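Following our numbering, the numbering of the sequence shown begins with 1374 at its first residue and continues without gaps.
Worksheet: the structure to be examined is printed underneath.
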Amino acid sequence: MKVGESIKGVAIDVLRNHSRNECIKLNTNETDILIELDGIYKLEVLINNPHFTEVIFK
1374 MKVGESIKGV AIDVLRNHSR NECIKLNTNE TDILIELDGI YKLEVLINNP
1424 HFTEVIFK
């Protein structure tokens, strides 16, 4: 997160919230939450992934 907050979860989908902003849907501790993509600074992959391990958004 851009404000220094860290959220750990499993990415489920990419969709729009009630304000029509693009969000990533995360499952965190059995709860689904929406995180606006504009609010994400860095995404880290915590499992083996042959495509990437980290994405930094500008």
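Ideal placement from N, C-alpha and C gives every residue a C-beta, glycine not left out.
A quick note: this is a predicted structure, and the numbers were derived from the prediction, not measured.
Subject >> 8 Å contact criterion, which Asp1405 and Ile1385 should meet: CB distance rounded >> reply: Ile1385 and Asp1405 do touch by the CB rule: their CB atoms are close to 7 Å apart, below 8 Å.
Original post:
For the putative contact between Tyr1414 and Phe1430, defined by C-beta atoms under 8 Å, what is the C-beta separation to the nearest angstrom?
Top reply: In this structure Tyr1414 is in contact with Phe1430, their Cβ atoms being roughly 6 Å apart against a cut-off of 8 Å.
Original post:
Do you know offhand how far Val1428's Cα is from Glu1417's?
Top reply: 7 Å
Original post:
In three-state DSSP terms, what is Leu1407?
Top reply: DSSP, read as helix, strand or coil, puts Leu1407 in strand.
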